[in-house]
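*Asks:* Quick one: the structure is below, questions incoming.
Protein chains: 2
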Amino acid sequence: MNRNLQPTMKDVAREAGVALGTVSRVFNGYPVGEEYRERVEAAAEKLNYRINNYARGLKTNKTFCIGLLMPSLRHPFFAALIDELTAALMHRGYLTNVMITNFDPGAELKCFNLIEQNKVDGIIALTYRPDLVVESAVPVVTIDRQFHPAIPCVSSDNFRGGQMAAEKLLELGCRKLLFLRIGPEIQSEADRRGPGFEDVCRRTGTAYDSLLVNDEETEAPVYQFLSRHLQDGHLDFDGIFCNTDGLARRVMEFLERNGVRVPDEVQIIGYDGIIDFATGCYVCSTIVQPLRQMAEAAVNLLLSSETPAGEAVLRLPVTYVPGGTTRDGPAAVGDSGVYNPFHTEFR
Amino acid sequence: MNRNLQPTMKDVAREAGVALGTVSRVFNGYPVGEEYRERVEAAAEKLNYRINNYARGLKTNKTFCIGLLMPSLRHPFFAALIDELTAALMHRGYLTNVMITNFDPGAELKCFNLIEQNKVDGIIALTYRPDLVVESAVPVVTIDRQFHPAIPCVSSDNFRGGQMAAEKLLELGCRKLLFLRIGPEIQSEADRRGPGFEDVCRRTGTAYDSLLVNDEETEAPVYQFLSRHLQDGHLDFDGIFCNTDGLARRVMEFLERNGVRVPDEVQIIGYDGIIDFATGCYVCSTIVQPLRQMAEAAVNLLLSSETPAGEAVLRLPVTYVPGGTTRDGPAAVGDSGVYNPFHTEFR
DNA sequence: AGCGCTTCATGAAACGTTACATCACTGTGA
DNA sequence: TCACAGTGATGTAACGTTTCATGAAGCGCT
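So this is what it looks like as structure tokens:
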């Protein structure tokens, strides 16, 4: 029959002199007589047989493939998250269909369509389209956005992260705090960073202000705001919490350019835990998200498909790490602060 | 029959009152009478029918899925490459199975096995295992490594890149050049950067030196070498070409820490074209690889599966971009040098 | 020896498609 | 009027698995 193509189970069965079903059972770990098992394994080895996942998937409706919907790969936070997710999935024998949407709702629709007809066993999505998630034919776990009580969501403990940032700044001697937030206007778990921060300020009676910019296009309002509070090299705040490491870093550079020393005069804490590829150091003092645990949790929730009890959002504990924009000094990753991209311990 | 499950072609056929084959032809773009086509489309719409790629794949041996084997996602160069590749594949209607090996040969084997039994239509690989590539049952296109004359390889024009670096440094007034190379000892297209650089030095009679460190673990030899050529704040070279942006950046910081001003006293050029996520600027003056073109080419080669004429390696043109470590000034990406991660133009 | 039990190999019937050989129907030309 | 293309719908046989009903073989017991 199909010479010159890949061998099939039928070929293995003929070679081993057993029935088709027996070969199947060997490959699925069902009990098979020792002698038969050996004959089958020898034949499979000899023919270099590979099981055909498409035939199997057709029959069983399980594909061992998960769709991953992410907004970007250029941003180190998303890249690291995808890295952890693919690793966790691979570890359980799942393949990952990665789809990058570039924050484009149209692209998200296209991805969902492709994913559905490709019959993945589930989807892990960091998406901006509640409608698609809710209507999905396959199970979904979302990251950072809770769309529906029955759809599990994994995120870091953003509220606690905000609290930690405030507590840390106070502990380091700050007296007048500022919260800066920038990003697209979509309801997400990340919105709890500000409230956490303000909670501590209020409870400790600390003076604070905040600026929320719901804009995806420009950070200009932030710099205008800071300029207004700048007077001959002195800023009106001595501790700043930014909702993102990127913003923290840029605010730091803005202040330094305007003669405000960081961390001497103003201390800054960001959020995410992003590491600079060249130095291997955190780009700023930061609340780091437990990426690996989040990935593990997302995969577990998706594959066990038991709806978690109560509210369907899992908030994993964050940690604070000094990174040079606070007075508690930098914390280098790796030996000498020199990052080697081929340095696997780094993962 | 299978109520409560996804509708099948049979269901659509019954609903539309046509034969199974007719439905199939509609979905595959074969000529079908207008009236029939409409009935089928209406029925499919009504039942919310999705074609089952696993059944189709079983029958046709085409899966519209490509395996992507990459060493890392934490390094911005790989992340950007994967981004371009998934985009190019998606654009052609292909899904991408991303697998990260973390430079681990054992993991590479595991990935190849998984990929083969999952019946992808082809593989794009940046791998360290010639054996697996050569023996692969499905077509492979490699990035940066030519393993076999019949297996296409895509890379940037590394030799020309090396030449450009040297030419640029000379043009900017350098007189004593240095080439620094670090990385694992594997034969790859990147090895041509040094020879290109040296080619220009030799032809112009320029004084130059080079240091090649075949080590994946540490860059210490580089800093020892530089220390030996440092004397009270003066370095023995005034132009350095590093085989990597990361190295270039770290060398810059090392020199600055030792009182050597960059780019005033020493100018540095790196290779890759990596952009800092926080600032949106190149991390150093650099030879940038045409990632998008490389991705397009890889996908084209893989999907057209015509073996290219002659030598099977495609070397795409690089460009030089000033990035602050040379005297021709920085070139910011985007308007104000401020990078917004939600800024799609950035792609 | 014969009975019931367990264990385990067998063969065939799906799974949801595509592709191919039929066949019904229309229209044309002699 | 009839044969003959040509068009296009139909039904069926694969594709490579899993699963299930069947039945054979072995074993312990009466």
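So the protein lines, in turn, are chains A and B. Sequence positions in the first sequence follow our numbering and run 731 to 1077. Sequence positions in the second sequence follow our numbering and run 731 to 1077. Here a beta-carbon is modelled for each residue, glycine too, at the ideal position from N, C-alpha and C.
1) What in chain B is Cβ-close to T691(A), meaning under 8 Å?
2) Could you tell me whether the Cβ of N758(A) comes closer than 8 Å to any Cβ of chain B?
3) For the segment 782 to 795 of chain B, which residues have a beta carbon sitting closer than 7 Å to at least one beta carbon of chain A?
4) If we call anything under 8 Å between Cβ atoms a contact, is R859(A) one with E838(A)?
5) So what does DSSP say about K906(B), is it helix, strand or coil?
6) Pick out whichever of D874(A), L956(A), R958(A) has its Cα sitting closest to the Cα of Q917(A).
7) Report back the beta-carbon spacing between Y784(B) and Y784(A) to the nearest angstrom; my notes put them in contact at under 8 Å.
8) Would you kindly report the start and end of the unbroken beta strand (DSSP E) that includes V998(B)?
9) Distance check for V868(B) and V850(B), CA to CA, integer angstroms please.
10) Taking L1080(A) and L844(B) to be in contact with their CB atoms under 8 Å, please state how far apart those CB atoms are, rounded to whole angstroms.
11) Once you ignore the five residues that flank A1078(A) on each side, which residues in its own chain have a CB closer than 7 Å to its CB?
12) Using the beta-carbon of each residue, which ones in chain B are nearer than 7 Å to E846(A)?
13) Looking at the secondary structure, which residues open and close the beta strand (DSSP E) in which G797(A) lies?
14) Look up H964(B) in the DSSP assignment and say whether it is helix, strand or coil.
15) Could you tell me which chain A residues have their CB closer than 7 Å to the CB of V1013(B), listed as they occur along the chain?
16) Can you give me the C-alpha to C-alpha distance between R804(A) and F1007(B), rounded to a whole angstrom?
17) In angstroms with no decimal places, state the Cα-to-Cα distance between G926(B) and Q893(B).
18) Within the same chain, show all residues whose beta-carbon is closer than 6 Å to that of V884(B), passing over the 5 residues directly before and after it, in chain order.
19) Looking only at its chain, what residues have a beta carbon closer than 6 Å to the beta carbon of E949(A), apart from the 5 residues adjacent to it on each side?
20) From I812(A), E928(A), V1013(A), T936(A), pick the residue whose C-alpha is nearest to that of I853(A); which is it?
21) Looking at the secondary structure, which residues open and close the alpha helix (DSSP H) in which L977(B) lies?
22) Using alpha carbons as the reference points, say which of Q876(A), F842(A), I999(A) lies closest to S866(A).
23) Whole alpha helix (DSSP H) runs in the segment 894 to 938 of chain B with 4 or more residues, listed along the chain?
24) Can you give the Cα-Cα distance for R958(A) and V992(A), rounded to whole angstroms?
25) Could you tell me which uninterrupted beta strand (DSSP E) segments, each at least 3 residues in length, are contained entirely in the segment 739 to 807 of chain B, listed from first to last along the chain?
26) On the DSSP bridge assignment, give the partners of V884(B) in chain order.
27) Is there a C-beta anywhere in chain A that falls below 8 Å from the one on D813(B)?
28) Is F833(A) near L907(A), with beta carbons less than 8 Å apart?
29) For V981(A) and E946(A), I'd like the C-alpha separation in whole angstroms.
30) Got a sec? Which residues, its chain only, sit under 7 Å from T1049(A) by beta carbon, not counting five neighbours each side?
*Replies:* On the basis of the data shown:
1) The structure shown does not extend to residue 691(A), since chain A is modelled only from 731 to 1077, so the question has no answer here.
2) Taking the first residue of the first sequence as 1, we reach residue 758(A) at position 28. No, N758(A) lies away from the interface with chain B (no Cβ there is under 8 Å from its Cβ).
3) N782, N783, Y784, A785, G787, L788, T793
4) One-based indexing of the first sequence puts residue 859(A) at position 129. One-based indexing of the first sequence puts residue 838(A) at position 108. Yes, these two residues count as a Cβ contact at 8 Å.
5) Here residue 906(B) refers to the residue found at position 176 of the second sequence. Residue state, collapsed to three classes: strand.
6) Locating residue 917(A) in the first sequence gives position 187, where the first residue counts as 1. Per the Cα distances, D874(A).
7) As a working note, residue 784(B) is residue 54 in the second sequence. As a working note, residue 784(A) is residue 54 in the first sequence. With 8 Å as the limit, Y784(B) and Y784(A) qualify as a contact, their Cβ atoms being about 5 Å apart.
8) Here residue 998(B) refers to the residue found at position 268 when the second sequence is read from its first residue. Correcting the residue type first, residue 998(B) is Ile in the shown sequence and not Val. Run containing I998(B): 997 to 1002, per the beta strand (DSSP E) assignment.
9) Here residue 850(B) corresponds to residue number 120 of the second sequence, with the count starting at 1. Here residue 868(B) corresponds to residue number 138 of the second sequence, with the count starting at 1. Answer to the nearest angstrom: the Cα atoms are 8 Å apart.
10) Only positions 731 to 1077 of chain A appear in the structure, and residue 1080(A) is not among them; the question remains open.
11) Residue 1078(A) cannot be examined here, being either before or after the span of chain A that is shown, 731 to 1077.
12) Walking along the first sequence from the start, residue 846(A) turns up at place 116. Under the 7 Å cutoff, chain B gives R780.
13) As a position in the first sequence, residue 797(A) is number 67, starting the count at 1. It spans 795 to 800 - the beta strand (DSSP E) in which G797(A) sits, taken as one unbroken run.
14) Taking the second sequence and counting its residues from 1, the one referred to as residue 964(B) is at position 234. Correct three-state label for H964(B): strand.
15) Locating residue 1013(B) in the second sequence gives position 283, where the first residue counts as 1. Those within 7 Å of V1013(B) in chain A are A1008.
16) As a first step, residue 804(A) must be located in the first sequence, where it is residue number 74. As a first step, residue 1007(B) must be located in the second sequence, where it is residue number 277. Those two C-alpha atoms are separated by around 8 Å.
17) Position 196 of the second sequence, counting from 1, holds the residue named residue 926(B). Position 163 of the second sequence, counting from 1, holds the residue named residue 893(B). Cα to Cα, the separation comes out at about 5 Å.
18) Taking the first residue of the second sequence as 1, we reach residue 884(B) at position 154. Once the five neighbours on either side are set aside, the close Cβ partners of V884(B) are I873, M1024, A1027, A1028, L1044.
19) The residue given as residue 949(A) occupies position 219 in the first sequence. Contacts found: I912.
20) Translated into the one-based positions of the first sequence, residue 853(A) becomes position 123. Among I812(A), E928(A), V1013(A), T936(A), the Cα nearest to that of I853(A) is on I812(A).
21) Numbered from its first residue, the second sequence carries residue 977(B) at position 247. That run of the alpha helix (DSSP H) goes 975 to 987.
22) The residue given as residue 866(A) occupies position 136 in the first sequence. When only C-alpha atoms are compared, the closest one is F842(A).
23) 923 to 934
24) Counting from one through the first sequence, the residue named residue 958(A) turns up at place 228. Counting from one through the first sequence, the residue named residue 992(A) turns up at place 262. Cα to Cα, R958(A) sits roughly 18 Å from V992(A).
25) 795 to 800
26) Residue mapping note: residue 884(B) aligns to position 154 of the second sequence, counting from 1. Paired residue(s): I873(B), L1044(B).
27) In the second sequence, residue 813(B) corresponds to position 83, counting from 1. By this cut-off, D813(B) is an interface position.
28) Taking the first sequence and counting its residues from 1, the one referred to as residue 833(A) is at position 103. Taking the first sequence and counting its residues from 1, the one referred to as residue 907(A) is at position 177. No, the pair does not count as a contact, with Cβ atoms beyond the cut-off.
29) As a position in the first sequence, residue 981(A) is number 251, starting the count at 1. As a position in the first sequence, residue 946(A) is number 216, starting the count at 1. Going by the C-alpha atoms only, they are around 17 Å apart.
30) Sequence index remark: in the first sequence, residue 1049(A) carries index 319 (1-based). Once the five neighbours on either side are set aside, the close Cβ partners of T1049(A) are V1018.
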